[in-house]
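23 is the number of the first residue of the sequence shown in our numbering; add one for each residue after it. The C-beta atom is built at its ideal place from N, Cα and C for all residues, glycine as well. Worksheet for the structure shown next.
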Amino acid sequence: MATRTRIFSFVFVMMMSFTVLLSSCSARVYKVGDSEGWIAKDDVYYAWAETDYKEFHVGDSLIFEYDLSFNDVTQVSGALEYELCDYSSPKAVYNTGHDVVTLTKPGFHYFITSNQTQCVLGQKLEVLVTHDPSSPVPPPTPSKILPVGTTYKVGDSEGWKVYDSDFYNKWSEEKQFHVGDSLLFEYDNEVKDVYEISGDLEFMTCDPTSPVPVYKTGHDLVRLTEPGVHYFITSQSASCEAGLKLRVMVGPEPKAVAYPNFPKKVDLSAMERLNNWLKTFKPQPHH
Ligand SMILES: *[C@@H]1O[C@H](CO)[C@@H](O)[C@H](O)[C@H]1NC(C)=O
23 MATRTRIFSF VFVMMMSFTV LLSSCSARVY KVGDSEGWIA KDDVYYAWAE
73 TDYKEFHVGD SLIFEYDLSF NDVTQVSGAL EYELCDYSSP KAVYNTGHDV
123 VTLTKPGFHY FITSNQTQCV LGQKLEVLVT HDPSSPVPPP TPSKILPVGT
173 TYKVGDSEGW KVYDSDFYNK WSEEKQFHVG DSLLFEYDNE VKDVYEISGD
223 LEFMTCDPTS PVPVYKTGHD LVRLTEPGVH YFITSQSASC EAGLKLRVMV
273 GPEPKAVAYP NFPKKVDLSA MERLNNWLKT FKPQPHH
């Protein structure tokens with residue numbers, strides 16, 4: 023299919039440009055479609071993204087300008103949704119007519135319009151976002167440091183080799199996953215692998231063409247760092263269709279983090295001492 027070939031050549035060109043070119047470290051703002059804006063015009067966004075070998079980095083922004091009576095900007099999570107103009111399970115929807123979308127994560131980002139006619143005519147944009155190679159990846163801010171969660175061995179003693187999606191559904195539904203937990207996939211890495219994919223359609227159709235990360239060691243520890251639904255499949259379609267796939271629902275990190283070994287008495291008296299110390303600075307209110 024021509025679209026597919028175009029996508030692959032686009033990806034190739036983007037990857038080449040990332041390895042060849044160095045860029046400045048400041049965040050950039052790109053107006054999608056330049057003076058044309060966000061409209062339906064065949065291939066305009068494919069050409070736009072390729073012009074001057076645009077490199078999109080984490081921190082850059084895209085500006086979408088359009089007539090909001092006909093269009094919007096619907097961000098979808100997978101390549102299939104993008105290709106099929108399927109806006110039924112969007113990741114985000116923007117509809118002010120002048121939307122500034124900051125690219126906060128590396129990976130592929132897919133934008134379409136929910137106006138099916140316009141989308142089919144070519145009003146869709148795919149960008150590959152990378153970390154700026156000229157600036158170091160910032161360390162996580164303290165608030166982003168995740169609690170040490172539970173590690174779950176996928177499939178328990180069976181591991182990642184059961185051809186039965188009901189088995190993995192049941193395994194997953196019996197547990198409550200939280201941000202900070204990890205999944206351990208154990209399998210024979212000569213015949214299997216683990217692809218994390220982002221879309222429900224990809225999961226249903228066992229489509230491994232737009233994986234988020236790929237794991238192949240046979241003993242992969244996957245940290246769940248984001249809440250939401252996470253999808254894991256094997257890249258061999260036949261095995262995946264036979265049921266080697268896993269969907270997990272990840273809840274936010276637990277609010278009240280329990281420190282089981284923390285001596286609570288010491289904690290309380292420390293708080294009291296701190297309070298008393300603070301009181302020495304403040305006049306006590308009169309009763
Ligand atoms: C889609 O866009 C066309 C303009 O090309 C417009 O005539 C039509 O009403 C739009 N459809 C919707 C559902 O907004």
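- Secondary structure at Phe92: coil, using DSSP grouped into helix, strand and coil.
- Buried is the label assigned to Asp94, since at least 16 other Cβ atoms lie within 10 Å of its Cβ.
- According to DSSP, residue pairing for Phe225 in a beta bridge does not occur.
- Here the distance from the Cβ of Phe86 to the nearest heavy atom of ligand 1 is not below 6 Å.
- Between Tyr217 and Leu268, the CB-CB gap reaches or exceeds 7 Å.
- Selection Tyr209, Ala101, Leu102 and Tyr132 evaluated against Ala114 yields Tyr132 as nearest (Cα-Cα).
- According to the DSSP secondary-structure assignment, Leu268 is paired through a beta bridge with Phe254.
- Judged by DSSP in its simplified three-state form, Glu218 adopts strand.
- Rounded to the nearest angstrom, the gap between the Cα atoms of Leu266 and Pro128 is 27 Å.
- Counting along the chain, the unbroken beta strand (DSSP E) around Glu87 starts and ends at Ser83 to Glu87.
- Rounded to whole angstroms, the separation of the alpha carbons of Ser48 and Leu102 is 32 Å.
- Distance between Glu180 and Phe207, taken at the CA atoms: about 10 Å.
- Exclusion of Asn117 from the 6 Å shell around ligand 1 follows from its C-beta lying no nearer than that to any non-hydrogen atom of the ligand.
- Unbroken alpha helix (DSSP H) runs of no fewer than 4 residues, entirely contained in the segment 133–211, are found at 138–142 and 187–195, following chain order.
- C-alpha of Ser99 to C-alpha of Gly119: approximately 21 Å in a straight line.
- In the three-state DSSP reduction, Thr231 falls in the coil class, being neither helix nor strand.
- Under the three-state reduction of DSSP output, Ala62 falls in the coil class, being neither helix nor strand.
- Thr239 is not bridged by DSSP to any residue.
- With a threshold of 6 Å, the Cβ atom of Phe207 does not count as near ligand 1, since no heavy atom of the ligand is closer than that.
- The residue from Tyr104, Lys76 and Ser187 with its alpha-carbon nearest to that of Ala260 is Ser187.
- Each of Trp193, Asp108, Gly144 and Pro249 was checked against the Cα of Ala69, and the nearest Cα belongs to Gly144.
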